[in-house]
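From first to last, the protein sequence lines are chains A and B.
Each residue of the first sequence is one higher than the last, beginning at 1 in UniProt numbering.
Each residue of the second sequence is one higher than the last, beginning at 1 in UniProt numbering.
For each residue, glycine too, the CB sits at the ideal point set by N, CA and C.
Data first, discussion second: the structure below is written as C-alpha cells.
Protein chains: 2
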Amino acid sequence: MNYHHTNCDDCVVRNTAICSALSSDELAVLNSKGRMHRLSAGQTLVWEGDESLLVANVVEGVMKLSTSMGDGREQIVGIVYPSDFIGRPFGGRSLHSVTALTDAHLCAFSRRDFDGFAREHPDLEHKLLDRTLTELDRARHWMLLLGRKTAPEKIATFLLEMADRLSASTPAAGTTPGLFELPFGRQQIADILGMTIETVSRQLSRLKKEGIIALPDRRHIQIVDRDRLAEQAEIDGP
Amino acid sequence: MNYHHTNCDDCVVRNTAICSALSSDELAVLNSKGRMHRLSAGQTLVWEGDESLLVANVVEGVMKLSTSMGDGREQIVGIVYPSDFIGRPFGGRSLHSVTALTDAHLCAFSRRDFDGFAREHPDLEHKLLDRTLTELDRARHWMLLLGRKTAPEKIATFLLEMADRLSASTPAAGTTPGLFELPFGRQQIADILGMTIETVSRQLSRLKKEGIIALPDRRHIQIVDRDRLAEQAEIDGP
DNA sequence: CGTATATTTGATCGAGCTCAACCAGCGTGG
DNA sequence: CCACGCTGGTTGAGCTCGATCAAATATACG
C-alpha cells in the first residue's frame with residue numbers, strides 16, 4: 001500500500017506547515033480529505049504542463065521543481081524542504097515538474113478539495129500567502145545569481161545557502177561544524193546554478209585545493225573557511 | 001502637491017486590480033487609507049533592503065523590480081504593469097528596489113494599514129494570493145531563460161513576451177500589427193535578460209537584417225515574422 | 001549647432017562550454 | 001574474492017559565445 005490516512009497529531013510538521021493555521025477540529029476535517037503519500041528518490045509527482053490536480057505538504061525529504069527545454073536543457077527553479085507546500089492551487093496547470101530528490105513523505109490533497117477548504121479558512125490562505133510571498137522573494141533573489149554571477153560566485157553562494165538550509169536537518173548537531181550532506185548529485189547542482197557539470201566539478205576542486213572546503217565524499221561538503229567562501233560569493237546589495 | 005485622495009469609482013483598474021474583491025462599501029474604507037501617488041520616470045519608490053513600509057496598486061505606467069550587486073551589476077527581477085500590486089505585505093523588508101520606468105500613477109497604502117485591512121477581508125487576500133502564485137510561476141519560468149537560454153533565444157523570447165504584454169496597452173489597436181513601444185532602453189533589456197547592452201544591440205541588429213523584426217526607432221519594435229521569431233525562442237517544455 | 005547621452009559596430013579576449021579520456025566506488029556474478 | 005561493468009565524478013585540451021574594450025554614429029536637449 002502506497003498511501004493511507006494518518007493522524008495529524010503525530011505529524012512532525014504540524015506546527016510549521018500551513019496546517020498550523022488550523023484548530024484541531026478544522027484539522028480533522030482537512031485530514032479526512034488528505035492522504036499520506038510516499039515517494040522514492042527520483043520519482044516525479046507532477047510533470048511540467050500537467051493540469052494541476054493535487055497539492056501537498058512535504059513532511060519528509062527534499063524535492064525539486066524544474067523546467068526543461070525540448071533539447072533536454074534543464075533548470076531547477078526551486079528546492080522544497082519538509083513543511084513546505086507544493087502544487088498550484090486555484091486553477092491552472094503546473095509550469096514545472098515536481099520530483100523527489102530523496103525518498104519523501106507527503107501529505108497530499110486533491111486540488112479541488114484543498115481549494116474549497118482553503119476558501120473557507122482565511123487563516124490557512126493567509127499562511128499560504130505569506131509562504132508564497134517568501135518563495136517569490138527567494139525566486140527573484142535567485143534570478144540575480146542566474147543572470148549576473150560568475151561561476152565562482154555561483155558556487156560560493158550555493159554552498160553558503162545550502163549550509164544554512166541543511167544544517168538544521170543534517171544528522172546530529174554534534175558533528176563537525178560546517179559539514180552537511182547534499183541531497184543532490186553534481187548534475188543537479190549544475191541545473192540549479194545554470195552551469196555545466198564540469199564547471200561545477202572544477203570549481204569545487206578549486207575550493208578544495210584552496211583549503212576553503214573539504215569533500216569527504218561525493219555527497220558531503222564541509223565548509224572550512226566560511227569567511228573566505230563568503231568573500232567569493234560577492235555579497236550583493238549596494 | 002504630490003498625492004491626494006481619489007475616488008475609486010473612476011479608477012481604471014477598479015475591476016482588474018485586487019480591489020475587484022471588494023464591495024463599494026469596503027472599497028470606501030480602504031480608499032480612506034490610500035493615497036494617489038505620482039512618480040516620474042526613473043524615480044525609485046523603494047530601495048533594496050528597505051524596511052517594507054508601503055504597498056500599492058499600479059494604476060498607470062510601468063515599473064521595474066531589481067536587485068544589484070556591490071559592483072553595479074544589476075538584474076531586473078520583475079516588470080510591473082497597471083493593475084499589478086507592488087510591495088511586500090506582512091512584515092519583512094523589500095529584497096528588491098522598485099523603480100518607475102515611465103511616469104507612473106500609484107494607489108498607495110501604508111503597509112500597516114493594508115495588512116490590517118487585508119486580514120479582515122479574506123476575499124482581498126485571496127485575490128492577492130492568486131496574483132502572487134501567478135507571479136511566482138512567472139518568475140520561475142524566467143529562471144529557465146536566465147540559466148539556460150542562449151543570447152538569440154533570450155532576445156526572441158523577450159520580444160514575444162513583450163509583444164503579448166504590451167499589445168494591449170499600446171496606442172490604438174488600429175496601428176500596424178506586431179508593433180509596440182518598449183518602456184525601456186537597451187541597458188534595461190540587458191538587465192532583464194542577464195546579458196550586456198552590446199549583445200542586446202547586436203542580436204536586435206541581426207534580427208533586423210534577417211527581416212524578422214523592424215526597428216522604427218529606439219523605443220519601437222515591430223515583429224515582422226512571428227513564426228521565425230518563435231523558432232528562435234526554442235519553445236520549452238519536453 | 002554643440003554637447004551629453006544612448007546605441008551601434010568593430011576587434012579582441014577569456015570564462016565557461018564541449019568533447020573526450022580517465023578514475024573511484026560499488027554491486028553483480030563467475 | 002576478484003574481475004567486470006556501470007554510474008557518477010574528475011581532469012584535460014581546445015573552442016565558442018558572449019563579455020570587454022574601444023571607437024563611431026545617432027538622438028535628445030539646451
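In this structure the region 144–158 of chain B does not touch the region 111–119 of chain B; the number of beta carbon pairs closer than 8 Å is below three. Counting only unbroken stretches of 3 or more residues, the beta strand (DSSP E) elements lying wholly within the region 130–215 of chain B are 179–181, in sequence order. Per DSSP, the unbroken alpha helix (DSSP H) holding A:R111 starts and ends at R111 to R119. For the region 121–139 of chain B, the set of residues with a beta-carbon nearer than 7 Å to any beta-carbon of chain A comprises P122, E125, H126, L128, L129, D130, T132, L133, E135, L136, D137 and A139, in chain order. Note on A:L144: 16 or more other CB atoms within 10 angstroms of its CB, so buried under the neighbour-count rule. In this model, B:I221 and A:S110 are separated by some 44 Å (Cα to Cα). Look at B:H126 here: in three-state DSSP terms it is helix.
Annotated three-state conformation of A:C11 is coil, per DSSP. In the same chain as A:F90, and ignoring 5 residues on each side of it, the C-beta atoms closer than 7 Å to its own belong to D115, in chain order.
Taking 8 Å as the cut-off, the Cβ atoms of A:H126 and A:E26 do not count as close. Taking each of B:Q203, B:S205 and B:N15 in turn and checking the Cα distance to B:N57, the smallest one comes out for B:N15. A:K149 counts as buried, since at least 16 other C-beta atoms from the protein chains shown sit within 10 angstroms of its C-beta. For B:R186, same chain residues with a beta-carbon under 7 Å away, outside a window of 5 residues either side, are I197, V200 and S201 in chain order. Taking the C-beta atoms as reference points, B:A108 is found nearer than 8 Å to B:G34.
Taking 8 Å as the threshold, the shortest C-beta distance from A:I235 to chain B falls below it.
Contacts with chain B at 8 Å (Cβ-Cβ) do not include A:L45. At a cut-off of 3 residues, the continuous stretches assigned as beta strand (DSSP E) that sit fully inside the UniProt domain "Cyclic nucleotide-binding" (18–87) of chain A are 35–39, 44–46, 54–60, 63–68 and 74–80. Separation of B:N7 and B:D217 (C-alpha to C-alpha, rounded to the nearest whole angstrom) is 38 Å. The straight-line gap separating the alpha-carbon atoms of A:I212 and A:V77 is approximately 27 Å. Within a 10 Å sphere around the beta-carbon of A:K64 sit 16 or more other beta-carbons, which makes this residue buried. Distances from the alpha-carbon of A:G70 to those of A:D84, A:E48 and A:L146 put A:E48 closest. Our two residues, B:H37 and B:L124, have alpha carbons roughly 21 Å apart in a direct line.
Within chain A, H126, L129, D130 and L133 have C-beta atoms less than 9 Å from the C-beta of B:F90, given in sequence order.
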